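Student: Chains as they are written, first to last, in our numbering: chain L, 1 to 331; chain U, 1001 to 1331.
Glycine is no exception: its CB is placed at the ideal position from the N, C-alpha and C atoms.
What you are looking at is a predicted structure, and each value in this text was computed from that prediction instead of being measured.
Take this structure, written in structure tokens, and hold onto it; I'll ask about it next.
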């Protein structure tokens, strides 16, 4: 098998959320840190989609930003096509690397400049990277990009407010595709959209992947969407990866109790009347995460070891799971 | 059939603007029986929240009810003076909104807000009201209610805040609760908890619920009947099982097909091309006709009325001449 396109090793990001210096001195408050991402490792094969799922605050968007270099990792590394991203971005190869990976953001209302025409928005990466020189050539390329996402060349002259949410998200996709990247990081690309529009965007993303061999990191909290688009799924909880498996495995045989809980929590549209384990508790405060396995206060299978010792992500029967109970064969 | 708790008859809501009057709700008809949970589903802009707002008498100006009537237990409530409506709101109709943070006042403790609501509607002393408030918080599953009652909303997590909002809505034991996207702002695991809570508590109190949401899964789990709204009109209304498994209106069929399913694999999702029309450009005839795969001549010229189809009703010309079975192929 060939080398994976993206390889993430022991990635961590710690944010300093301490109160200001004066408050710390006067009110004797300690420094505070959030371990937004804490030792995450995975790799993505060329042309495949890895989805990261989890609830708010689990660090999935931070991982996305770390991957494209919007944040600098506190620890660990991201390797893109064999080269360390952080090092490359600090060197002269930064522009070339940025050209190869692009990002699609969640909110198509906030990620497009309302004062720019679509032509300027989509041509910006072309100008920035000096890919196509000359206005006419740029216009032709923008028209081509718009058509590839199901819009028309005439849309170049419009402003973002003239489009619906789904159309705006397609403009973001067209902009991301402008530099002909190999890797797209999609941070909740359809969460702000209605279901029928979501279907349009997901179909376009899948078509583009097939046509151009794109590799995706797909961040979402919607398991049904993840099941539709991904090849591999990573489940995150409080900054850590708790389970990483092929899509079919994960949905057919979820191992980690948190994955089971997430799957159980999805409303059942076909009303098969399956019994659901009531979900317990809420995500703890990331400022003060529980000891050991951070899921233990909500876990029905928690034992004394789970409170004391943090489980490592181990490969068990082809699936990587971080859970003492699974490792010991208790569940 | 017993007398319905709520009757909405030919409701039209319009927004006068400088460029003409926009008809946001056009001839909406439905009933809610005592103790029944009616789901109202649709995409952004379909008018689902507006229907809720019209019922609780909280339409934002310049929006106004142009014609039609709303009856609560046979008594008209749409034309009541503000003060009388204020007494009904909270006492007979409770409301739950999407964002639990903005529906609570950040400057008052949770207890003060609950006690205010209780003493406004019920003839209780401060001490009795406080006891009732604690009881309500316990019913909605807030641990250590007696201590947490004196905390401020910011000290509660999102899920806990939504529980407080539900407690507020239930404070005076109303017969009807209008819940506008009560779980949209919450994570899936919390969403499942809140839905279970809403179902249990309404059953216990015998309250009927109008549940406005865009999430078909939530509807399937919770509701007895569902109304599908499109461009300010009811496209289909019927028992939830029928609407989901045998949609009579092509829009409902498209909506169901565009939801990624958890139990089947499809390479592409069914997509409904285009977007919902803007209010100033609703097509003549059936509002769905430009996007409908089964459109024919009559759809473009004549507006369909709701006609009985099976156990439900649908506004579609297909049913003026053909039985439901013909639609199976469209799914």
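In chain order, what are the residue ranges of uninterrupted alpha helix (DSSP H) at least 4 long that sit wholly in the segment 1113-1168 of chain U?
Tutor: Listed in chain order, the complete alpha helix (DSSP H) runs (minimum 4 residues) inside the segment 1113-1168 of chain U are 1126-1139 and 1145-1148.
Student: Which residues in the same chain have their Cβ closer than 6 Å to the Cβ of residue 1292(U), if we skip the five residues on either side of it in sequence?
Tutor: As a working mapping, residue 1292(U) is identified with position 292 in the second chain. The residues are 1250.
Student: My output table needs one value for residue 1207(U): the three-state DSSP class, helix, strand or coil.
Tutor: For the purposes of this step, residue 1207(U) is taken as the residue at position 207 of the second chain. Reduced to three states, the DSSP call for residue 1207(U) is coil.
Student: For my contact list, residue 1237(U) and residue 1312(U) are in at a C-beta cut-off of 8 Å; report their separation, rounded to the angstrom.
Tutor: Sequence index remark: in the second chain, residue 1237(U) carries index 237 (1-based). Sequence index remark: in the second chain, residue 1312(U) carries index 312 (1-based). Their Cβ separation, rounded to whole angstroms, is 6 Å, which keeps residue 1237(U) and residue 1312(U) in contact under 8 Å.
Student: Give the C-beta separation of residue 1039(U) and residue 1240(U) to the nearest angstrom, bearing in mind that I take them to be a contact with Cβ-Cβ under 8 Å.
Tutor: Here residue 1039(U) refers to the residue found at position 39 when the second chain is read from its first residue. Here residue 1240(U) refers to the residue found at position 240 when the second chain is read from its first residue. That belief holds up - the Cβ atoms of residue 1039(U) and residue 1240(U) are roughly 7 Å apart, short of 8 Å.
Student: Can you name the start and end residues of the beta strand (DSSP E) that residue 1270(U) belongs to?
Tutor: Mapped onto the second chain, residue 1270(U) falls at position 270. Unbroken run through residue 1270(U): none, as it is neither H nor E.
Student: Enumerate in chain order the residues of its own chain whose CB-to-CB distance from residue 333(L) is below 6 Å, with the five nearest sequence positions on each side excluded.
Tutor: The requested residue 333(L) is not part of the displayed model; chain L covers only 1 to 331.
Student: Does the CB of residue 166(L) have a neighbour CB from chain U at under 8 Å?
Tutor: Here residue 166(L) refers to the residue found at position 166 of the first chain. Yes, residue 166(L) lies at the interface with chain U (some Cβ there is under 8 Å from its Cβ).
Student: Chain L beta carbons: is any one of them nearer than 8 Å to that of residue 1024(U)?
Tutor: Start at 1 with the first residue of the second chain, and residue 1024(U) comes out as number 24. Answer no: the Cβ-Cβ gap between residue 1024(U) and chain L never drops below 8 Å.
Student: May I ask which residues mark the beginning and end of the beta strand (DSSP E) holding residue 215(L)?
Tutor: Translated into positions along the first chain, residue 215(L) becomes position 215. Looking at the DSSP string, the run of the beta strand (DSSP E) that includes residue 215(L) is 215-220.
Student: Would you list, in chain order, the members of the segment 1039-1070 of chain U that have their beta-carbon closer than 7 Å to a beta-carbon of chain L?
Tutor: Listed in sequence order: 1043 and 1044.
Student: According to DSSP, is residue 1315(U) helix, strand or coil?
Tutor: In the second chain, counting from the first residue as 1, residue 1315(U) sits at position 315. Looking at residue 1315(U) - three-state DSSP - the assignment turns out to be coil, as it is neither helix nor strand.
Student: Does the distance from the C-beta atom of residue 1095(U) to that of residue 1056(U) stay below 8 Å?
Tutor: For this step, residue 1095(U) is matched to residue 95 along the second chain. For this step, residue 1056(U) is matched to residue 56 along the second chain. For residue 1095(U) and residue 1056(U), yes; Cβs fall inside 8 Å.
Student: With DSSP as the reference, label residue 1323(U) as helix, strand or coil.
Tutor: To locate residue 1323(U), count along the second chain from 1; it is residue 323. Residue placement at residue 1323(U) is poorly supported in this model, since its pLDDT is 48, which falls under 50; the coordinates still yield a value, given next. In the structure shown, residue 1323(U) sits in coil (DSSP, three-state: anything other than H, G, I, E or B).
Student: Note down the Cα distance separating residue 1328(U) from residue 1277(U), rounded to an integer number of angstroms.
Tutor: By one-based count along the second chain, residue 1328(U) stands at place 328. By one-based count along the second chain, residue 1277(U) stands at place 277. Its pLDDT being 49, under 50, residue 1328(U) is placed unreliably by the model, and nothing is read from it.
Student: Is residue 1229(U) close to chain L? Criterion is C-beta to C-beta, closer than 8 Å.
Tutor: Here residue 1229(U) is taken as the residue at index 229 of the second chain, counted from 1. Cβ-Cβ to chain L under 8 Å: no for residue 1229(U).
Student: Under the assumption that residue 1092(U) contacts residue 1122(U) (Cβ atoms under 8 Å), give the Cβ distance between them as a whole number of angstroms.
Tutor: Stepping through the second chain from its first residue, residue 1092(U) is reached at position 92. Stepping through the second chain from its first residue, residue 1122(U) is reached at position 122. In fact, because the Cβ distance is near 12 Å, the residues do not count as touching under 8 Å.
Student: Does DSSP put residue 232(L) in a helix, in a strand, or in coil?
Tutor: By one-based count along the first chain, residue 232(L) stands at place 232. Reduced to three states, the DSSP call for residue 232(L) is strand.
Student: Shortest alpha-carbon distance to residue 1129(U) belongs to which of 1113(U), 1199(U), 1018(U) and 1143(U)?
Tutor: Residue numbering aside, residue 1129(U) sits at position 129 when the second chain is read from its first letter. Answer by Cα proximity: 1113(U).
Student: If you compare alpha carbons, which of 14(L), 12(L), 13(L) and 29(L) is closest to residue 20(L)?
Tutor: Residue numbering aside, residue 20(L) sits at position 20 when the first chain is read from its first letter. Comparing Cα positions, the closest option is 29(L).
Student: Please list, in chain order, the residues of the segment 219-245 of chain L that have any C-beta partner in chain U closer than 9 Å.
Tutor: So the close ones are 221, 222, 223, 224, 225, 226, 227, 228 and 229.
Student: Judging by CA-CA distance, which residue of 1234(U), 1261(U), 1144(U) and 1120(U) is the nearest neighbour of residue 1050(U)?
Tutor: Here residue 1050(U) refers to the residue found at position 50 of the second chain. Of 1234(U), 1261(U), 1144(U) and 1120(U), the residue nearest in Cα terms is 1234(U).
Student: Hey, could you find the ends of the beta strand (DSSP E) residue 315(L) is sitting in?
Tutor: For the purposes of this step, residue 315(L) is identified with residue 315 of the first chain, where counting begins at 1. 314-316 is the extent of the beta strand (DSSP E) around residue 315(L).
Student: Starting from the C-beta of residue 1331(U), find all residues in its chain whose C-beta is less than 6 Å away, skip the five residues before and the five after it, and write them out in chain order.
Tutor: Reading the second chain from its first residue, position 331 is the one you call residue 1331(U). Low confidence applies to residue 1331(U): its pLDDT is 43, below 50, so where it sits in the model is not reliable, and the reading given next is rough at best. Answer for residue 1331(U): 1253, listed in chain order.
Student: With 8 Å set as the bound, which would you pick, yes or no: does the beta-carbon of residue 1145(U) sit closer than that to a beta-carbon of chain L?
Tutor: To locate residue 1145(U), count along the second chain from 1; it is residue 145. Taking Cβ atoms only, chain L never reaches closer than 8 Å to residue 1145(U), which makes this a no.
Student: I'd like to check one pair, residue 244(L) with residue 234(L): are the Cβ atoms closer than 8 Å?
Tutor: The sequence position of residue 234(L) within the first chain is 234, counting from 1. The sequence position of residue 244(L) within the first chain is 244, counting from 1. Yes, these two residues count as a Cβ contact at 8 Å.
Student: Are the CB atoms of residue 1179(U) and residue 1117(U) nearer to each other than 8 Å?
Tutor: Locating residue 1179(U) in the second chain gives position 179, where the first residue counts as 1. Locating residue 1117(U) in the second chain gives position 117, where the first residue counts as 1. No.
Student: Return yes when the Cβ of residue 307(L) is within less than 8 Å of the Cβ of residue 292(L), no when it is not.
Tutor: In the first chain, residue 292(L) corresponds to position 292, counting from 1. In the first chain, residue 307(L) corresponds to position 307, counting from 1. Contact flag set, yes.
Student: Compare the C-beta of residue 200(L) with all C-beta atoms of chain U and state if any pair is closer than 8 Å.
Tutor: As a position in the first chain, residue 200(L) is number 200, starting the count at 1. Chain U, which has a Cβ nearer than 8 Å to the Cβ of residue 200(L), makes this yes.
Student: To the nearest angstrom, how far is it from the Cα of residue 177(L) to the Cα of residue 79(L)?
Tutor: Start at 1 with the first residue of the first chain, and residue 177(L) comes out as number 177. Start at 1 with the first residue of the first chain, and residue 79(L) comes out as number 79. Approximately 21 Å, taken between the alpha carbons.
Student: Using a threshold of 8 Å, state whether the C-beta atoms of residue 1256(U) and residue 1244(U) are closer than that.
Tutor: Your numbering for residue 1256(U) matches position 256 in the second chain. Your numbering for residue 1244(U) matches position 244 in the second chain. Cβ atoms of residue 1256(U) and residue 1244(U): closer than 8 Å.
Student: At a Cβ cut of 8 Å, what residues of the segment 177-203 of chain L count as close to chain U, listed as they run along the chain?
Tutor: Listed in sequence order: 194, 195, 196, 197, 198, 199, 200, 202 and 203.
Student: Residue 9(L) lies in the beta strand (DSSP E); which residues open and close that run?
Tutor: The residue given as residue 9(L) occupies position 9 in the first chain. 6-16 is the span of the beta strand (DSSP E), which, as asked, contains residue 9(L).
Student: Residue 266(L) versus chain U: which residues are under 7 Å apart at the beta carbon?
Tutor: Translated into the one-based positions of the first chain, residue 266(L) becomes position 266. Within 7 Å Cβ-Cβ: 1188, 1217 and 1262.
Student: Kindly indicate which residue of 114(L), 324(L), 23(L) and 102(L) has the alpha-carbon position closest to the one of residue 69(L).
Tutor: As a first step, residue 69(L) must be located in the first chain, where it is residue number 69. Looking at the Cα atoms, 102(L) is the closest of the given residues.
Student: Quick one: give me the first and last residue of the alpha helix (DSSP H) that residue 171(L) is part of.
Tutor: As a working mapping, residue 171(L) is identified with position 171 in the first chain. Segment 165-177, the alpha helix (DSSP H) holding residue 171(L).
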